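Engineer:
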Ligand code: ADP
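Encoded structure:
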C-alpha cells in the first residue's frame, strides 16, 4: 500500500481534524483569534512535503520537509505562538496522522507497519526541529533588535543623568561661595557685637553689606536655576497674544534705563521696520529683551546699546541687541549659552551679579517662541545678539495644554506686561 498516496488523498481531512484539535486544545491560545487559513498556515505544505518523503521511501531525503517546516516556524513566530504551543500542535498532528492511518496500517505486516510508523515519526520530528529552528531565529533577531534599542535608551538616559548630575553639582558649587561668605561674615559680625567694646561700627556695616550682597546673589542663583529647571521640565505655559512690537520694546527698555544711566550709557531703539503686529508671548519676549539688554549694559563700560527690530521675509522678524562692550572671544562664543558658563573675567572688575544662567534661559525662551539666537562679537569692540522668530508663533507646534491664545484686546495684555 502506498501510504504517501493515502496521505495525499486525505490531506484535507487530516487538516480539518488537526485544525479542529488545535482549536479545541485549551493549552494553545494563540490561535483563538486566527482564521482557519491562518491556523493551518503552512501545515498543508509540511504535509505535502511529508508525502514526497514517504513516496520516495527514503528517510534521508527530508529537504522538502525542512523547507516547509522552517516557513511554518517563521509564520508561528509572527503569529505570536509560544514554543509550548508549537510543540503541542505537532503532537496533535502526530495523533491526527496516526488515527487517520490506523485502519490501513493494521492491514500491513507488523514489520512494514513499524517501518511506516517510524518513518512518519521521523518526518514529524524533523518538522518540529526545523519549525523550532526558524522560530528561534526570528525570536533571536527580535531580541537583538530590542537589545539594540535598550542599549540606545540606556546610553541616552545615562547621558541625561550625567548632564543633570553635572548641572546639579555645578549649582551646588555656585551656591557654596555666597553661602560660605554669608556664614563667615555673619559669624564675624556676631562675635564683634558680643565681645568687642571697641568694635568698629564701619567694619560691622561692611560685613552686613557683604552678607546682603551674597544673600542676593544666592537668591538670584536659586531663582535662575529654578526657572531653568522649569523650562527643561517643559512646564512653561505660553500665553500668546497679538502685540504691538515697538510698545513692548519701549516698555522693556524703560525698565533697564536706570541701570544704563548709572553707567552713563545710552540705550537706542530703532523699530520703524518692525512688523505691525506679532503673535507671541509678550512676557517671555520682554524677559528675553531685558536679559540681553541687561548683559549689554553690564559688559559695556562706555558707548551705547542699540536695539534694532525689523521684519524679514518668510514671515520672520528679528531683534538685534548690539553693544560697544568688552566683546566675547570666538572660543567662548558658543559656550556662553551653556548653564553656569562665564567668561573668565580675571583682571577685570568682578561682576557679583553674574550667575552664568541668563543666556541659557534666553536660549530656552527663544526656542519656546520657535525662534533662534545668534551671536557675533569682537573682543574689545562689542557684541550683537540677534534673535529671529516667526511673526506668528505656530500654535499647532505647541502642546495644547501648554498654550493659551488671548485676544488682542484682552484686559490681560497690559497686565501681563507689568
Ligand atoms: P551672566 O551674565 O549672569 O554671567 P549669562 O548667561 O547672561 O550669565 O552670560 C554668560 C557669559 O557670557 C557672561 O558671564 C559673560 O562673560 C558673557 N556675556 C554675556 N553677554 C555679554 C555681552 N553683551 N558682552 C560681553 N560678554 C557677554
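Numbering (my numbering), first residue to last: 710 to 1127.
Glycine is no exception: its CB is placed at the ideal position from the N, C-alpha and C atoms.
These numbers come from a predicted model, not from an experiment.
#1: Alpha carbon to alpha carbon, how far is residue 739 from residue 798?
#2: Taking 8 Å as the cut-off, decide whether the C-beta atoms of residue 1070 and residue 1000 are in contact.
#3: Can we say the stretch 976-992 touches the stretch 1009-1025, given the rule of at least three CB pairs closer than 8 Å?
#4: Using a 10 Å radius around the Cβ and a threshold of 16 neighbouring Cβ atoms, would you call residue 782 buried or exposed?
#5: For the alpha helix (DSSP H) containing residue 1081, name the first residue and the last one.
#6: With the cut-off set at 8 Å, would you say residue 989 and residue 1102 are in Cβ contact?
#7: For residue 1062, which option in 897, 1007, 935 has the closest C-alpha, if you only look at C-alpha atoms?
#8: May I ask you to report which of helix, strand or coil DSSP gives residue 1075?
#9: Helix, strand or coil: which one does DSSP assign to residue 868?
#10: Is it buried or exposed, residue 811, if we count other Cβ atoms within 10 angstroms and call 16 or more buried?
#11: Residue 1068: beta carbon under 7 Å from a heavy atom of ligand 1?
#12: Using only the alpha-carbon positions, how far apart do residue 854 and residue 861 sit?
#13: Going by DSSP, what residues sit across from residue 948 in a beta bridge?
#14: In terms of residues, what are the limits of the beta strand (DSSP E) holding residue 1094?
#15: Could you tell me whether any non-hydrogen atom of ligand 1 is closer than 7 Å to the CB of residue 1051?
#16: Give me the Cβ distance between residue 1032 and residue 1092, rounded to the nearest whole Å; I'm assuming they're in contact under 8 Å.
#17: May I have the straight-line CA-CA distance separating residue 748 from residue 723, to the nearest angstrom?
#18: Within the stretch 759-795, note down every full alpha helix (DSSP H) run reaching 4 residues or more, in order along the chain.
#19: Between the stretch 916-927 and the stretch 885-900, are three or more C-beta pairs nearer than 8 Å?
#20: Kindly examine ligand 3 and report whether one of its heavy atoms sits closer than 7 Å to the Cβ of residue 844.
#21: Give a yes or no on whether the C-beta atoms belonging to residue 839 and residue 762 are separated by under 8 Å.
#22: State yes or no: is the C-beta of residue 940 nearer than 7 Å to some heavy atom of ligand 1?
#23: From 1099, 890, 1020, 1087, pick the residue whose C-alpha is nearest to that of residue 1078; which is it?
#24: Pull up the distance between the alpha-carbon of residue 935 and that of residue 970, whole angstroms please.
#25: Which runs of the beta strand (DSSP E), 3 residues or longer, sit entirely within the stretch 936-981?
#26: Have a look at the DSSP bridge pairing and note the partners of residue 1017.
#27: Closer than 7 Å to a non-hydrogen atom of ligand 1 - does that hold for the CB of residue 1089?
#28: May I ask which residues mark the beginning and end of the alpha helix (DSSP H) holding residue 722?
#29: Verify the contact flag: residue 1029, CB atom, against every heavy atom of ligand 1, threshold strictly below 7 Å.
#30: Measure the C-alpha to C-alpha separation of residue 1096 and residue 888 and round it to an integer number of angstroms.
#31: Taking the alpha-carbon positions, what's the residue 916 to residue 898 distance?
#32: Taking the CB atoms as reference points, tell me whether residue 1002 and residue 965 lie closer together than 8 Å.
#33: Counting only the same chain and skipping the five closest in sequence on each side, list residues whose C-beta sits under 8 Å from that of residue 872.
#34: Indicate the three-state DSSP secondary structure (helix, strand or coil) for residue 1058 in the structure shown.
#35: Using three-state DSSP, classify residue 987 as helix, strand or coil.
#36: Determine the burial state of residue 1053: buried for a count of at least 16 other Cβ atoms within 10 Å of its Cβ, exposed for fewer.
Structural biologist: This is what the structure holds:
#1: 11 Å
#2: yes
#3: yes
#4: Buried, because 16 or more other Cβ atoms sit within 10 Å of the Cβ of residue 782.
#5: Run containing residue 1081: none in the alpha helix (DSSP H); it sits in the beta strand (DSSP E), 1081-1087.
#6: yes
#7: 1007
#8: helix
#9: helix
#10: exposed
#11: yes
#12: 11 Å
#13: 1113
#14: Note, residue 1094: beta strand (DSSP E), 1091-1099.
#15: For ligand 1, at least one heavy atom lies less than 7 Å from the Cβ of residue 1051.
#16: 6 Å
#17: 14 Å
#18: Complete alpha helix (DSSP H) runs here, min 4: 772-787.
#19: The stretch 916-927 vs the stretch 885-900: in contact.
#20: What this structure holds is ligand 1, not ligand 3.
#21: no
#22: no
#23: 1099
#24: 30 Å
#25: 947-952
#26: 979, 1029
#27: No, ligand 1 has no heavy atom inside 7 Å of this Cβ.
#28: 712-733
#29: no
#30: 36 Å
#31: 6 Å
#32: Taking 8 Å as the cut-off, the beta carbon of residue 1002 is found closer than this to the beta carbon of residue 965.
#33: none
#34: Reliability of the predicted coordinates at residue 1058 is poor, the pLDDT of 42 falling under 50, and the value obtained from them is presented with this limitation in mind. Residue state, collapsed to three classes: coil.
#35: Strand.
#36: That one is exposed.
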